[in-house]
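For reference, the structure discussed in these notes is given below.
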Amino acid sequence: MGRAPRAVGTSGSASARAFFAVALLSLWAGAALAQGFEGTAEEREACTPDALSICSSAIPDPTRVKECLIQHVSELSPGCKDVFEQRGKAESERAR
């Protein structure tokens, strides 16, 4: 007899979650750099958990993830919220 299949959507192992987090970071970093968003490792680290929990349906499209995070700014962790606030201030100063 084989193992019973696991239900889709159940929490996987820690290594599987780590793999997806690293994959998301890689996709986000590569696409963000290509689009001119040169987020630091610290910025990506601050926002990856929020992207996974709030905007998972937008993954792997980094533009959609960013838009989703902006739309849900009130739900973001303090660290990720700071990233967007600082980026907004920097963009405002450059526009002057």
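Counting in the numbering used here, the sequence shown runs from -15 upward without gaps.
Don't be surprised by glycine CBs; every beta carbon is placed ideally from N, CA and C.
Using only alpha-carbon positions, find the residue among V57, R28 and S58 that is nearest to P46.
R28
Assign G72 to one of two classes, buried (16 or more other C-beta atoms within 10 Å of its C-beta) or exposed (fewer than that).
exposed
Around the C-beta of V57, are 16 or more other C-beta atoms found within 10 angstroms, so that it is buried, or is it exposed?
exposed
Cα-Cα separation between T63 and S(-1), rounded to whole angstroms
The residue you asked about is not Thr; residue 63 is Gly in the sequence shown. For G63 and S(-1), the distance between alpha carbons rounds to 24 Å.
To the nearest angstrom, report how far apart E59 and G23 are at their CA atoms.
20 Å
Which two residues bound the contiguous alpha helix (DSSP H) that contains S76?
P62 to A79
A18 classed as buried or exposed, judged by whether at least 16 other C-beta atoms fall within 10 angstroms
Summary for A18: the model assigns pLDDT 42, below 50, so the residue's position carries little reliability; its value from the coordinates is reported in the next sentence. Exposed, since its Cβ has fewer than 16 Cβ neighbours within 10 Å.
Quick one: give me the first and last residue of the alpha helix (DSSP H) that D82 is part of.
Outside the modelled stretch of the chain, which goes from -15 to 80, sits residue 82, for which no answer is possible.
Would you identify the three-state DSSP class for P44, choosing helix, strand or coil?
coil
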